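Trainee:
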Amino acid sequence: MAVANLIAAPPMAAPGYGKRSAPGEAPRRRDDFTHLPPREASIAMHIDRLPDGAAIDTKTLAKELPPYGQQAIRTALNALSAAGHLRRVREPVGDGRTQWVFRTYFSRTARSDAWWSRFLAGDVPEAEVEPQAPTPQARQPKRSDAYEALAALGRADARLTLSAAECKALEPLAAEWLARGVRSADFATTLTAGLPDVIHSPGAFTRKRLVDKLPPEPPRRPSAAPPPPRRLMECTNCGDPGRPEALPGGLCRPCRGEVPDDPAPAADWIHTQVDRLRAAARHAR
Numbered sequence: 009m010a011v012a013n014l015i016a017a018p019p020m021a022a023p024g025y026g027k028r029s030a031p032g033e034a035p036r037r038r039d040d041f042t043h044l045p046p047r048e049a050s051i052a053m054h055i056d057r058l059p060d061g062a063a064i065d066t067k068t069l070a071k072e073l074p075p076y077g078q079q080a081i082r083t084a085l086n087a088l089s090a091a092g093h094l095r096r097v098r099e100p101v102g103d104g105r106t107q108w109v110f111r112t113y114f115s116r117t118a119r120s121d122a123w124w125s126r127f128l129a130g131d132v133p134e135a136e137v138e139p140q141a142p143t144p145q146a147r148q149p150k151r152s153d154a155y156e157a158l159a160a161l162g163r164a165d166a167r168l169t170l171s172a173a174e175c176k177a178l179e180p181l182a183a184e185w186l187a188r189g190v191r192s193a194d195f196a197t198t199l200t201a202g203l204p205d206v207i208h209s210p211g212a213f214t215r216k217r218l219v220d221k222l223p224p225e226p227p228r229r230p231s232a233a234p235p236p237p238r239r240l241m242e243c244t245n246c247g248d249p250g251r252p253e254a255l256p257g258g259l260c261r262p263c264r265g266e267v268p269d270d271p272a273p274a275a276d277w278i279h280t281q282v283d284r285l286r287a288a289a290r291h292a293r
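Following the working numbering, the numbering of the sequence shown begins with 9 at its first residue and continues without gaps.
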């Protein structure tokens, strides 16, 4: 019998479901879970080594880890959620379909409630990833559009030829022109129109024109409504949905041993977000 046949592949969840690895994890180390109790550390190490898409529900994990029963697995998952290693969420399956799936995001790097909240809002935090050292062959940073527009003045009219230092000093003023909707071609036309025969200080002359001829600010447009959340968090223990701030540690108040004052607002909020996501999906189609 081949060696490969002796190693059972982990059971996979239905397509679109199962484990998902959180972004920006640190490289795997032997002491990743030493801060956890032995049972939770053992289960976390097992989940960490499973591929994305693997089934990590309570029954499946209890079968894969004979020393622990379903109740022990459920308690351990709650502890891993409270420690910042996993969150259970509901999100669209993607590919333009409106079907929703239940997934469990796992991170070998413990995350704070604030990190998970940003992640659920679609802001994938990358700041916790160790930055790579720049290579010696790294290119110089690209010059801004405002700098390029100032440098092009000398090509439009030699009397406004600016030095690199003058372009750098005038860059903020030119950037304000471009921010107000002035195109680079119109920028050069406006600043070079009606020049005197002799310009003794192109930098000072250009600065004065940038200030005196600054176009008015464009009318403000009403701010667009914020996009609906990409993911909705659920309690790791009971699966009830709720806002991230209502699920610290990924657990609802009853599962934390607290009595909720009024669970209705959270449910109403979830229904509202689901309706917005469905409407956005219909509009995309």
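Built from N, CA and C at the ideal position, the CB exists for glycine as well.
None of the values given here were measured: they were computed from a predicted structure.
DSSP three-state call for ALA160: helix, strand or coil?
Mentor: Looking at ALA160 - three-state DSSP - the assignment turns out to be coil, as it is neither helix nor strand.
Trainee: Given this structure, state the Cα-to-Cα distance separating GLY32 from LEU94, to the nearest angstrom.
Mentor: Taking the straight line joining both Cα atoms gives about 14 Å.
Trainee: Strictly by DSSP, which residues pair up with MET20?
Mentor: DSSP output for MET20 lists ALA62 as bridge partner(s).
Trainee: Go through its chain and collect everything with a Cβ distance to THR200's Cβ below 7 Å, but skip five positions before and after it.
Mentor: Result list for THR200: LEU161, ALA164, ASP165, LEU168, in chain order.
Trainee: Report yes if the CB atom of GLY247 is closer than 9 Å to the CB atom of ARG96, and no otherwise.
Mentor: Yes. Within cutoff.
Trainee: Look up GLU242 in the DSSP assignment and give the residues it is bridged to.
Mentor: DSSP lists ARG96, PRO249 as partners of GLU242.
Trainee: What did DSSP end up calling PHE195 once you bin it into helix, strand or coil?
Mentor: It is helical.
Trainee: Would you mind working out which of ARG126, ALA52, ASP131 sits nearest LEU85, comparing C-alpha positions?
Mentor: Of ARG126, ALA52, ASP131, the residue nearest in Cα terms is ALA52.
Trainee: Going by alpha carbons, who is nearest to LEU128 out of GLU242, ARG286, SER209?
Mentor: Answer by Cα proximity: GLU242.
Trainee: Among ARG36, ASP60, GLY77, SER125, which residue has its Cα nearest to the Cα of THR112?
Mentor: Cα-wise, what sits closest to THR112 is ASP60.
Trainee: So, at 8 Å on beta carbons, what are the nonlocal neighbours of VAL219 in its own chain, with the 5 sequence-adjacent residues on each side left out?
Mentor: Hits under 8 Å: LEU181.
Trainee: Are the beta-carbon atoms belonging to PHE114 and ALA30 less than 9 Å from one another?
Mentor: Yes; because the gap between Cβ atoms is below 9 Å, this pair is in contact.
Trainee: In terms of residue numbering, what span does the alpha helix (DSSP H) encompassing ARG215 cover?
Mentor: 210-220 is the span of the alpha helix (DSSP H), which, as asked, contains ARG215.
Trainee: Between which two residues does the alpha helix (DSSP H) containing SER89 stretch?
Mentor: First-last of the alpha helix (DSSP H) with SER89: 78-90.
Trainee: Does PHE114 come out as helix, strand or coil in the three-state DSSP assignment?
Mentor: Strand, per DSSP.
Trainee: Measure how close the beta-carbons of GLU184 and LEU222 come, nearest whole angstrom, since I'm counting them as under 8 Å.
Mentor: So it is a contact: roughly 7 Å between Cβ atoms.
Trainee: For ALA70, which residues from the same chain have a beta carbon less than 7 Å from its beta carbon, with the 5 sequence-adjacent residues on both sides left out?
Mentor: If we look at ALA70 and ignore the five residues flanking it on each side, its Cβ neighbours are TYR76, GLY77, GLN78, ILE81.
Trainee: Would you check if the distance between the CB atom of ARG116 and the CB atom of PHE195 is smaller than 9 Å?
Mentor: No, the pair does not count as a contact, with Cβ atoms beyond the cut-off.
Trainee: What do you reckon, are the CB atoms on ALA1 and GLY257 nearer than 9 Å?
Mentor: Because the chain spans 9 through 293 in this model, residue 1 falls outside it and cannot be assessed.
Trainee: Does ARG57 come out as helix, strand or coil in the three-state DSSP assignment?
Mentor: In this structure, ARG57 counts as coil in the three-state DSSP scheme.
Trainee: Starting from LYS176 and walking both ways along the alpha helix (DSSP H), at which residues does that stretch end?
Mentor: Segment 172-187, the alpha helix (DSSP H) holding LYS176.
Trainee: Which word fits THR197, buried or exposed, when buried means at least 16 other C-beta atoms lie within 10 angstroms of its C-beta?
Mentor: Result: exposed.
Trainee: Can you give me the start and stop residues for the alpha helix (DSSP H) that ARG126 sits inside?
Mentor: 121-128 is the extent of the alpha helix (DSSP H) around ARG126.
Trainee: Identify the residues that DSSP records as bridge partners of GLY265: which are they?
Mentor: The partner list for GLY265 (beta bridge, DSSP) is empty, contrary to what the question assumes.
Trainee: Does DSSP put ARG167 in a helix, in a strand, or in coil?
Mentor: Looking at ARG167 - three-state DSSP - the assignment turns out to be helix.
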